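Put into structure tokens, the structure is as follows:
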């Protein structure tokens, strides 16, 4: 089948694994207990069709175990599909693991040549890029030192420097961007963005949803080995977030079933946490841009609460804390309390971007010890106008000056 | 099913670099370095000469050289098999993370080993020419015999390397049979000079000669290099057939087992 350089075409790709419990590693074991091992059949990928145009930057996202890495290994040819076909053309560089093939006893220079040839570069081509690679890595003084003396940061820098200079038509990147210090990371991302401008095809597997939103013009969500969504990153991220949410709820349910002892030290706990928007919506309310939110907490103390504080916070579905406050920070001194009490925090003009958020609540003594903590007490979502992404909202304007 | 644009030429630099790495890592950090290539066989030759020539009275002229020729063949073959067998497992990180023809890994390991045997050969050749009394003409058989030995070794190494991915025992089995195998191979003696293999025990020599696939190779090379005689046609024919069969089997098996290697490692 004719496929132009940079194009990837997957048709009905499925990949089957036999997960063998207590695997036979030796001949003797196999002969002695041939039929006694148990194997679980598992489809890591199921009937995946995927067409990537040359020059497209596509993000593959999904929960752990959804088949992302398997898909990437399939595209790169490390694994063969059980069913279906994979077609692609052009030089492919797969950054599945940085520095695969680095040898500790060889010097940085020798490893650059070795690694470049693993990625498909001839000696002449490597000669041509060598200086650029070393400069990019920023470890010039150590290039003739054996790699075993490198710090892990230096190692990764050199490996990445080689990888981004191999001049691929298709670049596969698996979770390797979270390397090096921040400044080097930025350098790597810029380099990848440069690839994109040059019209190379990029396939990015990541848990960094921000990276997908930032880099990719298309995103595919995998769920249990199937394509659950394929489209603009915004749409795909929405699907993934919903998925995360349902997984989380399942886990919460399981946790409730298995443990009946919530974190309670003193005789006080939250008995209810509710949300209300300025426009009066309750339950799992949807917040309009700029609207305020009221968090109402109800608690019950069986022993007197002295010197205590209530705190609330807002987090993303992934658990990143975005905001937090408490009565101490607000300069409120709560009176001695016994029995049931109701309190309200009002958060005016929440500058949040489109997405789902959760509210947490905590009850602490003034010395900081926790009395009761509810990690995901309530949820709300924010409607956006599609003009931005990210958790933060701003009134953006653009002018030509 | 096609993955990427395949051209063998693209992988030549990788092969070359892997061979270089193989050779360097073997001697890096050792004081004698590459000299070990010759020190090890020299010690072996000295020790075995003492035992076989002076204690057991094997009647072969230039016994040390005879031994050295046999050890060269053995080092090439068995060293290659051992290096090849463990190559994929010890390069697991490469095999599971990068896509390229897997054959390169055992081939590079075996080539690295061939340098050791090559260095021994470079010493053995002039010594044989100068010291032994046979003809020079049979030396023309050497290139053919070396190619056949190479093909046989590559086939065997590919086979073992692929199987070793699934059954790690292969390495250990190989380590265990190495010593008995070298003793039943006519390297320390020739079949005609051992008292236990003459007269009514000649059938034992026949069995040892033809049931040990490496024996005809060793004998044919000893004939043309050490004895300066034309090798027996049966040995050459056996070598040709054994080399082709082993190479085909090795390549076939490798290709079959290649698909799932990344999963098993």
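Protein chains in written order, with our numbering: chain A, 394 to 794; chain B, 3 to 267.
Note that beta-carbon positions come from the ideal geometry of N, C-alpha and C, so glycine has one too.
Note that the structure is predicted; figures quoted are calculated from it, not measured.
Within a Cβ cutoff of 6 Å, which residues of the same chain sit near residue 522(A), ignoring the five residues on either side of it in sequence?
On the first chain, residue 522(A) is found 129 positions in, with the first residue counted as 1. So the list reads 558, once near-sequence residues are dropped.
Are there 16 or more other CB atoms within 10 angstroms of the CB of residue 655(A), so buried, or fewer, so exposed?
Here residue 655(A) is taken as the residue at index 262 of the first chain, counted from 1. With a pLDDT of 48 at residue 655(A), under the threshold of 50, the modelled position of this residue cannot be trusted, and the question is left open.
Cβ-heavy atom distance, residue 555(A) to the ligand HEM, below 8 Å
For the structure depicted, the ligand HEM is absent and the ligand set is empty, with no information on it obtainable.
Rounded separation between residue 592(A) and residue 535(A) - CA only
Start at 1 with the first residue of the first chain, and residue 592(A) comes out as number 199. Start at 1 with the first residue of the first chain, and residue 535(A) comes out as number 142. Taking the straight line from one Cα to the other gives about 34 Å.
Give the range of the alpha helix (DSSP H) segment to which residue 158(B) is assigned.
If you number the second chain from 1, residue 158(B) lands on position 156. Residues 143-168.
Let's test the definition: count the other Cβ atoms within 10 Å of the Cβ of residue 8(B) and tell me whether it reaches 16, buried, or not, exposed.
Position 6 of the second chain, counted from the start, is the residue given in the question as residue 8(B). Note that residue 8(B) scores 46 on pLDDT, short of 50, meaning its location in the model is unreliable and no value can be drawn from it.
Which residues of chain A have a Cβ atom closer than 7 Å to the Cβ of residue 270(B), listed in chain order?
For residue 270(B) there is no data in the structure shown, the boundaries of chain B being 3 and 267.
Pick helix, strand or coil for residue 710(A), following the three-state DSSP scheme.
Translated into positions along the first chain, residue 710(A) becomes position 317. Correct three-state label for residue 710(A): coil.
Looking at C-alpha atoms only, which residue of 513(A), 503(A), 497(A), 401(A) is the closest neighbour of residue 465(A)?
The residue you call residue 465(A) lines up with position 72 of the first chain. Taking only the C-alpha atoms, the option nearest residue 465(A) is 401(A).
Classify residue 138(B) as helix, strand or coil using the three-state DSSP reduction.
By one-based count along the second chain, residue 138(B) stands at place 136. Coil.
Could you check where the beta strand (DSSP E) with residue 216(B) kicks off and where it finishes?
By one-based count along the second chain, residue 216(B) stands at place 214. If you look at residue 216(B), you'll find it isn't in any beta strand (DSSP E); DSSP assigns it neither H nor E.
Quick check for students: name the residue ranges of the beta strand (DSSP E) that lie wholly in the segment 474-520 of chain A, counting only runs of 3 or more.
476-481, 485-488
So, at 8 Å on beta carbons, what are the nonlocal neighbours of residue 794(A) in its own chain, with the 5 sequence-adjacent residues on each side left out?
As a first step, residue 794(A) is located in the first chain; it is residue number 401 there, counting from the start. Correct list: empty, nothing qualifies.
Near residue 737(A), what residues of its chain come up, given a Cβ to Cβ distance below 8 Å and the 5 sequence neighbours on each side ignored?
On the first chain, residue 737(A) is found 344 positions in, with the first residue counted as 1. 687, 688, 689, 690, listed in sequence order.
Using 9 Å as the threshold, is the C-beta distance between residue 186(B) and residue 214(B) below it?
Taking the first residue of the second chain as 1, we reach residue 186(B) at position 184. Taking the first residue of the second chain as 1, we reach residue 214(B) at position 212. Yes, Cβ-Cβ distance for residue 186(B) and residue 214(B) is below 9 Å.
Can you tell which of 539(A), 486(A), 620(A) has its C-alpha closest to the C-alpha of residue 562(A)?
Reading the first chain from its first residue, position 169 is the one you call residue 562(A). Residue 562(A) has its Cα closest to that of 486(A), out of 539(A), 486(A), 620(A).
Taking its Cβ as the centre, do 16 or more other Cβ atoms sit within 10 Å of residue 84(B), making it buried, or is it exposed?
Stepping through the second chain from its first residue, residue 84(B) is reached at position 82. The Cβ neighbour count for residue 84(B), taken over all protein chains shown within 10 Å, is at least 16; the residue is labelled buried.
Who pairs with residue 751(A) in a beta bridge, going by DSSP?
Here residue 751(A) corresponds to residue number 358 of the first chain, with the count starting at 1. DSSP, once it has assigned bridges, lists 708(A), 772(A) as partnering residue 751(A).
Apply the 10 Å Cβ neighbour rule to residue 57(B) and answer buried if 16 or more other Cβ atoms are within range, or exposed otherwise.
Here residue 57(B) refers to the residue found at position 55 when the second chain is read from its first residue. Flag for residue 57(B) reads exposed.
Using only the alpha-carbon positions, how far apart do residue 183(B) and residue 177(B) sit?
In the second chain, residue 183(B) corresponds to position 181, counting from 1. In the second chain, residue 177(B) corresponds to position 175, counting from 1. So the two alpha carbons sit approximately 10 Å from each other.
Cα-Cα, which of 791(A), 614(A), 661(A) is closest to residue 442(A)?
Along the first chain, read from residue 1 onward, the residue named residue 442(A) stands at position 49. Of the listed residues, the one whose Cα sits closest to residue 442(A) is 614(A).
Measure how close the beta-carbons of residue 787(A) and residue 744(A) come, nearest whole angstrom, since I'm counting them as under 8 Å.
By one-based count along the first chain, residue 787(A) stands at place 394. By one-based count along the first chain, residue 744(A) stands at place 351. 7 Å between Cβ atoms; contact.
Out of 117(B), 207(B), 11(B), 29(B), which has the shortest C-alpha to C-alpha gap to residue 79(B)?
Along the second chain, one-based indexing puts residue 79(B) at 77. Residue 117(B) is the option with its Cα nearest to residue 79(B).
Residue interval of the beta strand (DSSP E) (run including residue 471(A)):
Here residue 471(A) refers to the residue found at position 78 of the first chain. Element bounds for residue 471(A): n/a, residue is neither H nor E.
Going by DSSP, name the residue or residues bridged to residue 612(A).
In the first chain, counting from the first residue as 1, residue 612(A) sits at position 219. Per DSSP, 452(A), 624(A).
Sort 717(A), 437(A), 784(A) by Cα distance to residue 749(A) and report the nearest one.
Numbered from 1 along the first chain, position 356 holds the residue referred to as residue 749(A). If we check each option's Cα against that of residue 749(A), 784(A) comes out closest.
Can you name, in chain order, every residue of its own chain whose Cβ lies under 8 Å from the Cβ of residue 411(A), other than the five neighbours on each side?
Position 18 of the first chain, counted from the first residue, corresponds to residue 411(A). 432, 433, 434, 435.
Every unbroken alpha helix (DSSP H) within the segment 536-573 of chain A, with a cutoff of 4 residues, ordered by chain:
545-556
Can you tell me which of 73(B), 60(B), 65(B) puts its alpha carbon nearest to the alpha carbon of residue 181(B)?
For the purposes of this step, residue 181(B) is taken as residue 179 along the second chain, with counting starting at 1. The option with the nearest alpha carbon to residue 181(B) is 73(B).
Going by DSSP in three states, residue 21(B) sits in which element: helix, strand or coil?
Here the question's residue 21(B) lines up with position 19 in the second chain. Three-state result, residue 21(B): helix.
Counting C-beta neighbours from all protein chains within 10 Å, is the total for residue 194(B) 16 or more, i.e. buried, or is it exposed?
The residue you call residue 194(B) lines up with position 192 of the second chain. So residue 194(B) counts as exposed.
Spatial neighbours of residue 662(A) in its chain, beta-carbon cut-off 6 Å, leaving aside the 5 residues before and after:
Along the first chain, read from residue 1 onward, the residue named residue 662(A) stands at position 269. Excluding residues up to 5 positions away in sequence, 765 lie with their Cβ nearer than 6 Å to the Cβ of residue 662(A) in the same chain.
Is the beta carbon of residue 705(A) sitting closer than 9 Å to the one on residue 754(A)?
Your numbering for residue 705(A) matches position 312 in the first chain. Your numbering for residue 754(A) matches position 361 in the first chain. Yes, Cβ-Cβ distance for residue 705(A) and residue 754(A) is below 9 Å.
Unbroken alpha helix (DSSP H) run spanning residue 39(B), endpoints
In the second chain, the residue the question calls residue 39(B) occupies position 37. It spans 38-50 - the alpha helix (DSSP H) in which residue 39(B) sits, taken as one unbroken run.
Apart from the five residues on each side of it in sequence, which residues of its chain come closer than 6 Å, Cβ to Cβ, to residue 98(B)?
Reading the second chain from its first residue, position 96 is the one you call residue 98(B). The answer, listed in chain order, is 264, 267.
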